[in-house]
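What the sequence shown shows, in this note's numbering, is residues 1 to 137, in sequence order.
The C-beta atom is built at its ideal place from N, Cα and C for all residues, glycine as well.
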Amino acid sequence: MGHPTFWWLIAGAAIVAELLSGTVYLLLLATGFAAAAIAAHLGFGLVTQLLVAAVVGVGSVVTWYLIRRNRPATPSSDLNLDIGESVFVDAWNPDGTATVRYRGSQWTVVLRAGHAPSTGEHRVVEVIGSRLVVDKI
């Protein structure tokens, strides 16, 4: 078995492991293994293949880490389909919570800070654990 075959097998194994684990970092390392396979096809020696695998694999992981680090983690209605939905509040409890029926189960509702409790339709603005934070419509 030649060096290119060895590198392609390692790249394939990394891709399979990534599919089973769901982490993108193994996929990025697989790019390094594929780059080493290409270097082997081009006739470079084993030391050069190892350097190519290390530089491309680790370089892609570091680049991905830096991109993800600079991206803010903000809640989005694209990620939480409950945001923007409406619920009907019949009555508020003295502690500032209410219980509503939403999506087939009982949910605890909390009014967004700075708003006075009132009955009627409310819009979900945030979900914290099993609590819905709402605003009056």
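**OP:** Label HIS122 either buried or exposed according to how many other C-beta atoms from any shown protein chain fall within 10 Å of its C-beta, with 16 as the threshold for buried.
**Re:** For the purposes of this step, residue 122 is taken as the residue at position 122 of the sequence shown. Buried, by the Cβ-count rule.
**OP:** Could you tell me which uninterrupted beta strand (DSSP E) segments, each at least 3 residues in length, are contained entirely in the segment 54-96, listed from first to last along the chain?
**Re:** Correct list: 86-89.
Subject >> Beta-carbon contacts of ALA17 that lie in its chain and below 8 Å, excluding the five residues immediately before and after >> reply: Here the question's residue 17 lines up with position 17 in the sequence shown. These residues qualify, in order along the chain: LEU26.
Subject >> Spatial distance of ILE15 from LEU29 (CA atoms) >> reply: Numbered from 1 along the sequence shown, position 15 holds the residue referred to as residue 15. Numbered from 1 along the sequence shown, position 29 holds the residue referred to as residue 29. Between ILE15 and LEU29, the C-alpha separation is close to 9 Å.
Original post:
What residue from TRP64, LEU20, ALA34, GLY22 has the CA that sits closest to LEU9's CA?
Top reply: As a first step, residue 9 is located in the sequence shown; it is residue number 9 there, counting from the start. Among TRP64, LEU20, ALA34, GLY22, the Cα nearest to that of LEU9 is on ALA34.
Subject >> Candidates TYR65, VAL124, ARG131, ILE67, of which the one nearest GLN106 by Cα >> reply: Taking the sequence shown and counting its residues from 1, one reaches residue 106 at position 106. It is ARG131 whose Cα lies nearest to the Cα of GLN106.
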